[in-house]
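Enquirer: Got a structure here, written out as structure tokens. Questions coming.
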Amino acid sequence: MASHDAVGSMQGVITEESIWNGGRSPYAIGSKKLGMWLFILSDAITFSALLMAYSYVRVGSPLWPRPFGPSSIANATVMTFVLLSSSVSMVLAVRAAKLGERSQTVKWILATMLGGVAFDVLHIREWLGLIAEGVRLFRNPWGTPLFGATFFGLTGLHMTHVTLGVIYLGIIAVGVHRSKFTSEDVEVSGLYWHFVDLVWMFIFPLVYLMSAKFA
Amino acid sequence: MITHQTGEHVQGKRIFIYVWCYLLALTLIEVVLAYQQLNLKTMLVILMGLSVIKATLIISYFMHLRYERLSLVVTLMPALIFVIGMMFAAFPDSLRLLQLGIR
């Protein structure tokens, strides 16, 4: 029967390319990319909720510990630098993928993964240091008991994202190397990685800089 | 088969290096600010402001949103800002909590 509704198709015929058959991309991007953006949106809201809850307690507590001395702040700054640089290498990986340069793409993805691993190592070192000083989830030697829960909760969830991101990037790197994945796949993984970096841009000032130890 | 309507344009590397430099500079400004011993509320507002600028740079350039369809930006960003804004509505209560003097 003739259809009058299908825009962009001949009347009565639903062609392969017609809008009702997936012939048009949502927002002119691939569905994988849109899916990743929507996931990022939901994850951003999750982190926002955690950061909001943390900020609320932080501002509302007069006895919030300020345990981060100059070396801790320096460590966190280095971690920020590492993550920012890994975002640049990721962007260069996406660019290389778009240009069809397979080995360059793999090289830049590996550089990004290295940044992620370095971030994790520095972070775990810091965690071990804090734990050695007596910080637990609901107990610490300095002040408000919630410091541990908020600190480990926030940074732990972020570190999990970084670690999973490194694994994800590894899979993409292998796939690109074997010519199984397209530049779209690389771009989608890049979006995830930049999101992880983005979250750290908020965690770093709110958690570390707001609790810096003054001499 | 999905057809892409925007041409894939490949950017030069330079813009990414510029953005990276801005991000590093903003980070260093934040670190210096942390040691100025400002009032907590002021510090929070300034740090959040700087972080939002950093986030905008990352989203626009690294995540490429600046070059995507406006409809995508409009679908994603207002929703996020609205939700975060809704959360912030409860924030002044933390100052009330502070004034209660609960340790």
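So the protein lines, in turn, are chains A and B. Taking the numbering used here, the leading residue of the first sequence gets 177, the next gets one more, and so forth. Taking the numbering used here, the leading residue of the second sequence gets 2, the next gets one more, and so forth. C-beta: ideal position from N, C-alpha, C; glycine also.
Quick one: is Asp-181 of chain A buried, meaning 16 or more other Cβ sit within 10 Å of its Cβ, or exposed?
Expert: Reading the first sequence from its first residue, position 5 is the one you call residue 181 of chain A. Interpretation of Asp-181 of chain A is limited by its pLDDT of 46, a score under 50 that renders its predicted location unreliable; the figure taken from the coordinates is listed afterwards. By the 10 Å Cβ count, Asp-181 of chain A comes out exposed.
Enquirer: Please decide whether His-299 of chain A counts as near chain B, where near means a Cβ-Cβ distance under 8 angstroms.
Expert: By 1-based counting over the first sequence, the position of residue 299 of chain A is 123. False, the Cβ-Cβ gap to chain B never drops below 8 angstroms.
Enquirer: Could you spell out the range, first to last residue, of the alpha helix (DSSP H) harbouring Gln-280 of chain A?
Expert: By one-based count along the first sequence, residue 280 of chain A stands at place 104. That run of the alpha helix (DSSP H) goes 278–308.
Enquirer: Taking the C-alpha atoms as reference points, what is the distance between Gly-292 of chain A and Val-270 of chain A?
Expert: Position 116 of the first sequence, counted from the first residue, corresponds to residue 292 of chain A. Position 94 of the first sequence, counted from the first residue, corresponds to residue 270 of chain A. In a straight line, the C-alpha of Gly-292 of chain A is about 17 angstroms away from that of Val-270 of chain A.
Enquirer: Check the DSSP bridge columns for Arg-315 of chain A and list the partner residues they point to.
Expert: In the first sequence, counting from the first residue as 1, residue 315 of chain A sits at position 139. In the DSSP assignment, Arg-315 of chain A forms a beta bridge with A:Arg-312.
Enquirer: Would you say Leu-27 of chain B and Ile-47 of chain B are within 8 angstroms of each other, going by their C-beta atoms?
Expert: In the second sequence, counting from the first residue as 1, residue 27 of chain B sits at position 26. In the second sequence, counting from the first residue as 1, residue 47 of chain B sits at position 46. Not a contact, by the Cβ cut-off of 8 angstroms.
Enquirer: Determine, using beta carbons only, whether Leu-345 of chain A comes closer than 8 angstroms to chain B.
Expert: Position 169 of the first sequence, counting from 1, holds the residue named residue 345 of chain A. Between Leu-345 of chain A and chain B, the shortest Cβ-Cβ separation is not below 8 angstroms.
Enquirer: Could you give the first and the last residue of the continuous alpha helix (DSSP H) run that contains Ala-80 of chain B?
Expert: The residue you call residue 80 of chain B lines up with position 79 of the second sequence. Note, Ala-80 of chain B: alpha helix (DSSP H), 71–89.
Enquirer: In whole angstroms, what is the alpha-carbon distance linking Pro-79 of chain B and Asn-40 of chain B?
Expert: Counting from one through the second sequence, the residue named residue 79 of chain B turns up at place 78. Counting from one through the second sequence, the residue named residue 40 of chain B turns up at place 39. When rounded, the distance between both Cα atoms is 31 angstroms.
Enquirer: Using a Cβ-Cβ cutoff of less than 7 angstroms, which residues in the same chain neighbour Tyr-203 of chain A once the five nearest sequence positions on both sides are dropped?
Expert: Here residue 203 of chain A corresponds to residue number 27 of the first sequence, with the count starting at 1. Closer than 7 angstroms at Cβ, skipping near neighbours: Leu-210.
Enquirer: Please list the residues of the segment 210–228 of chain A that have a C-beta atom closer than 7 angstroms to any C-beta atom in chain B, keeping them in chain order.
Expert: Trp-213, Leu-217, Ala-220, Ile-221, Ser-224, Ala-225 and Met-228
Enquirer: Phe-92 of chain B by DSSP, collapsed to three states: which one?
Expert: On the second sequence, position 91 is the one that residue 92 of chain B refers to. Secondary structure at Phe-92 of chain B: coil, using DSSP grouped into helix, strand and coil.
Enquirer: Would you say Ile-30 of chain B faces chain A, with C-beta separation under 8 angstroms as the test?
Expert: Taking the second sequence and counting its residues from 1, the one referred to as residue 30 of chain B is at position 29. Not an interface residue.
Enquirer: Write down the C-beta distance between Val-372 of chain A and Ala-273 of chain A rounded to the nearest angstrom, noting that I regard them as a contact closer than 8 angstroms.
Expert: For the purposes of this step, residue 372 of chain A is taken as the residue at position 196 of the first sequence. For the purposes of this step, residue 273 of chain A is taken as the residue at position 97 of the first sequence. Contact flag wrong, Cβ pair sits at about 19 angstroms.
Enquirer: Exposed or buried, Arg-354 of chain A, counting other C-beta atoms within 10 Å across all chains shown (16 or more means buried)?
Expert: In the first sequence, residue 354 of chain A corresponds to position 178, counting from 1. The residue is exposed, with fewer than 16 neighbouring Cβ atoms inside 10 Å.
Enquirer: Per DSSP, Ala-388 of chain A forms a beta bridge with which residues?
Expert: Numbered from its first residue, the first sequence carries residue 388 of chain A at position 212. According to DSSP, Ala-388 of chain A bridges with A:Phe-244.
Enquirer: Kindly list, in the order they appear in chain A, the residues whose Cβ is closer than 8 angstroms to that of Ala-80 of chain B.
Expert: To locate residue 80 of chain B, count along the second sequence from 1; it is residue 79. Taking a Cβ-Cβ threshold of 8 angstroms, the residues of chain A close to Ala-80 of chain B are Leu-217, in chain order.
Enquirer: What span of residues does the alpha helix (DSSP H) with Thr-320 of chain A cover, start to end?
Expert: As a position in the first sequence, residue 320 of chain A is number 144, starting the count at 1. Here Thr-320 of chain A belongs to no alpha helix (DSSP H), and DSSP marks it neither H nor E.
Enquirer: Under the three-state reduction of DSSP, which class applies to His-65 of chain B: helix, strand or coil?
Expert: Stepping through the second sequence from its first residue, residue 65 of chain B is reached at position 64. Three-state result, His-65 of chain B: coil.
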